[in-house]
Each structure stands twice: as structure tokens, then as C-alpha cells.
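Enquirer: Note that full-length UniProt numbering has the sequence shown beginning at 1, numbered continuously upward.
One structure coming up, written as C-alpha cells, with questions to follow.
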Amino acid sequence: MTDGFTNAGYPVDVQNALGDTNKYATIGAQQLASGCAIMLLVDLEGAAIQVAANAKAQGIPVIALDRPLVGTDYFVSYNNYRIGFLQGQSIVDAAKEQGKDLATMNVVYVSGDPTDGTVKYLYQGATDALTAGGLVKPAGETQGTWDGAKAGTYFEQMYTKLKGKVDAVWVANDTNAAAVITILDKYGKKVPVSGQDATDAGLQNVLLGKQSATINTGGNFEPVLAVKVAIEILEGKVPAYTEKQDGIPFIMVEPQVVHADTVKDLIASGQVKVEALCTTDELKAACEKYGVK
């Protein structure tokens, strides 16, 4: 993002609140006080709402990035419904490969933090895919969180409640999936598990067959598009969009499904390093099997 604006001749101030909502508010206030022509905000547990409102009150255009944000001019993000649908479809496909019928399977949902505006779209997309694949309803749903440790705890509680009768797990991202897989490993169980973000750990689990797939929302696709939209606005142009989400022009980035046999494509693109994935004898064997080199 910094390179995109700088190369186009625009000064840019990129800040990270590091998960602190109070710090987020302070940074936003400081940036507005210093003066800016446009703001790009990634919401943090609702902290961006007031920052966006303050910017709009000053006549400053606001782009919501990655997470929907009420009152903004544009929303640039991956299609989160599509991400959820692809996650659900990865479980449907894995069940078919195993010769199982989703209608008779116990599928557990491990969702993300409900305060995150993307979660409802992930949930709906996954549910639609799973329902189309034959699932009647989930066997259980854990409390939503983006904290991997909590996700693991909540899943183990659900696993115990279901007496280990878990046949697949829809998980909203790779961090939570890693925690779920740790619990499944603990009980010697391997079932289809979804994910998102194409993290190193997520890709390792995909290579090992512990995670059915991950959805690649990494790389520079989203920030590059956001910079393009921002520059168009700064130049007085009207960015093109195909639909609105909650009344806000939505400019979408298409997500990519990553299976074990396509991890190598992320290596080829430079998004991921071989040495970050092939770290153990077991993983080195998997890397060799799937051409990750």
C-alpha cells in the first residue's frame, strides 16, 4: 500500500493499532488532525466507526478495507460470502471423496468473532454450500472468536458434548483451524476441516491432509485494488463497481481456493517461502509429494 501511493506521487501515512481499539481511535484522530485527502480503514471491533464518521464530517472520503464499515464511500474486500461458500464446498467435496453423505454427518461450526462484519457473510456462504451439499443442520456451533486458543477450548467442549461424534468442522480461518486440528490430533481423529488466510500453519495442515483447503486472502491483491480505488477518487474519477453491500459500493477481490496440489502456486508467486512450510521430515515428504520446492 505504501509503495502504491508513493509510486503514484502521493504521501501516505500507514499505521497499525496492533489490536488496541483505544490506540486505533487515537491514531485516527491524529491523522485527521494532521490533514488527509482520503482515509482507508480496516475496522477493529467497531473502533473505525467513529473515525469514519469524523472523517465524513470533515468531507474526507473513506474507503472500508477488508471489513464492512457503515457510512463509508466504498468497500474494498474479498467477497466474504464467496469465501464462506468455498469453505463449505471444500467440506462437501472432501465428504464426497470419502464416500460420505453430509445428511448423516455431524458437522460442527467454529465461526469468527460476531463483532467482525465479515463473519455473517462467511457463515451464510458456508451454510449455503453445506446445505446444497446435503447438510440438514450443524450438529453444534461454538462461540465465535478470532482467538485461536479460545477457539480450541470451545471446540474441545463441543467435541466432548458430542462424545467425539464429529465428522467435519467448518472453521472460519486458519488460526482457528490450527486449534481445532490440535484437538482432533489429541483424540486421534482426522476429519475435513476448512480454513482461510493461507497462513504458513494453514498451508502446512493442508499439505499434511489435516485441513481440506484454505482460502487465499493473502498477498497484495486487496491493498493493490484499494490503492487503485483511492487514487481514482483523488483524481476526481468515480470507481466502477458491480454491486452494493448494505448500501455501500462494493468492489470485490475474488478469493482463491488452495488445496494440497496448488500450494506450489503460492511458492511460485513469491507469496510463501518453501523454508517456511517444509520444516519437518513429515512436511518435507509432503512438500516433495506435492511439488513444493
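Glycine residues also receive a C-beta, built at the ideal position from the N, C-alpha and C atoms.
What first and last residue would you give for the alpha helix (DSSP H) that runs through Pro-249?
Expert: One-based indexing of the sequence shown puts residue 249 at position 249. Note, Pro-249: premise wrong, no alpha helix (DSSP H); beta strand (DSSP E) at 248 to 253.
Enquirer: With respect to the alpha helix (DSSP H) encompassing Met-158, which residues constitute its N-terminal and C-terminal limits?
Expert: In the sequence shown, counting from the first residue as 1, residue 158 sits at position 158. Residue range 148 to 161 is occupied by the alpha helix (DSSP H) that includes Met-158.
Enquirer: Is it buried or exposed for Gln-15, if we count other Cβ within 10 angstroms and need 16 for buried?
Expert: As a working note, residue 15 is residue 15 in the sequence shown. Label assigned to Gln-15: exposed.
Enquirer: Shortest alpha-carbon distance to Leu-277 belongs to which of Lys-186, Val-206 and Gly-112?
Expert: Along the sequence shown, one-based indexing puts residue 277 at 277. When C-alpha distances from Leu-277 are compared across Lys-186, Val-206 and Gly-112, the shortest belongs to Val-206.
Enquirer: I'd like the list of long-range same chain contacts for Thr-148, defined as Cβ closer than 7 Å, with 5 residues on each side in sequence excluded.
Expert: Here residue 148 refers to the residue found at position 148 when the sequence shown is read from its first residue. According to the sequence as given, residue 148 is Gly; it is not Thr. These residues qualify, in order along the chain: Thr-175, Asn-176, Ala-178 and Ala-179.
Enquirer: Quick check on this structure: which residue in Cys-36, Ala-53 and Val-70 has the alpha carbon closest to the alpha carbon of Asp-246?
Expert: Within the sequence shown, residue 246 is the residue found at index 246, counting from 1. Among Cys-36, Ala-53 and Val-70, the Cα nearest to that of Asp-246 belongs to Val-70.
Enquirer: Quick check on Gly-84: does DSSP put it in helix, strand or coil?
Expert: As a working note, residue 84 is residue 84 in the sequence shown. Three-state DSSP puts Gly-84 in a helix.
Enquirer: Using the beta-carbon count (16 or more within 10 Å), is Ser-222 buried or exposed?
Expert: In the sequence shown, the residue the question calls residue 222 occupies position 222. The residue asked about is misnamed: residue 222 is Glu in this sequence, not Ser. Answer is buried; the Cβ neighbour count reaches 16.
Enquirer: Restricting to Cα atoms, I'd like to know which of Ala-17, Thr-72 and Leu-234 is closest to Ala-57.
Expert: Here residue 57 is taken as the residue at index 57 of the sequence shown, counted from 1. Of the candidates Ala-17, Thr-72 and Leu-234, the one whose C-alpha sits nearest the C-alpha of Ala-57 is Thr-72.
Enquirer: Tell me where the alpha helix (DSSP H) around Asn-54 begins and ends.
Expert: Your numbering for residue 54 matches position 54 in the sequence shown. For Asn-54, the enclosing alpha helix (DSSP H) covers residues 48 to 57.
Enquirer: According to DSSP, is Ala-276 helix, strand or coil?
Expert: Numbered from 1 along the sequence shown, position 276 holds the residue referred to as residue 276. DSSP, reduced to helix, strand and coil, places Ala-276 within a helical segment of the structure shown.
Enquirer: Under the rule that 16 or more other beta-carbon atoms within 10 Å means buried, what is Leu-18, buried or exposed?
Expert: In the sequence shown, the residue the question calls residue 18 occupies position 18. Flag for Leu-18 reads exposed.
Enquirer: Using DSSP with H/G/I as helix, E/B as strand and the rest coil, what is Gly-140?
Expert: Within the sequence shown, residue 140 is the residue found at index 140, counting from 1. If DSSP states are grouped into helix, strand and coil, Gly-140 belongs with the strands.
Enquirer: Does the Cβ of Gln-89 have 16 or more other Cβ atoms within 10 Å, making it buried, or fewer, making it exposed?
Expert: Numbered from 1 along the sequence shown, position 89 holds the residue referred to as residue 89. Classification for Gln-89: buried.
Enquirer: In angstroms with no decimal places, state the Cα-to-Cα distance between Val-107 and Glu-282.
Expert: Start at 1 with the first residue of the sequence shown, and residue 107 comes out as number 107. Start at 1 with the first residue of the sequence shown, and residue 282 comes out as number 282. Near 28 Å, if we compare the C-alpha coordinates of Glu-282 and Val-107.
Enquirer: Run the CB neighbour count on Gly-99, radius 10 Å, all protein chains shown included, and call it buried at 16 or more, exposed below.
Expert: Indexing the sequence shown from 1 puts residue 99 at position 99. Result: exposed.
Enquirer: Span of the beta strand (DSSP E) holding Ala-168?
Expert: The residue labelled residue 168 in the question sits at position 168 within the sequence shown. Boundaries of the beta strand (DSSP E) harbouring Ala-168: 168 to 171, taken from the DSSP string.
Enquirer: If you drop the 5 nearest sequence neighbours on each side, which residues of the same chain put their C-beta closer than 7 Å to that of Ala-286?
Expert: If you number the sequence shown from 1, residue 286 lands on position 286. Leu-207 and Leu-208, listed in sequence order.
Enquirer: Within 10 angstroms of its Cβ, does Ala-95 collect 16 or more other Cβ (buried), or is it exposed?
Expert: As a position in the sequence shown, residue 95 is number 95, starting the count at 1. A residue is called buried when at least 16 other Cβ atoms come within 10 angstroms of its Cβ; Ala-95 meets this threshold and is buried.
Enquirer: If you draw a straight line from the alpha carbon of Trp-146 to that of Asp-113, how long is it in whole angstroms?
Expert: As a position in the sequence shown, residue 146 is number 146, starting the count at 1. As a position in the sequence shown, residue 113 is number 113, starting the count at 1. Looking at the two C-alpha atoms, the distance is approximately 6 Å.
Enquirer: What is the residue span of the beta strand (DSSP E) that Val-119 lies within?
Expert: In the sequence shown, the residue the question calls residue 119 occupies position 119. From DSSP, Val-119 is part of no beta strand (DSSP E) but of the alpha helix (DSSP H) over 119 to 132.
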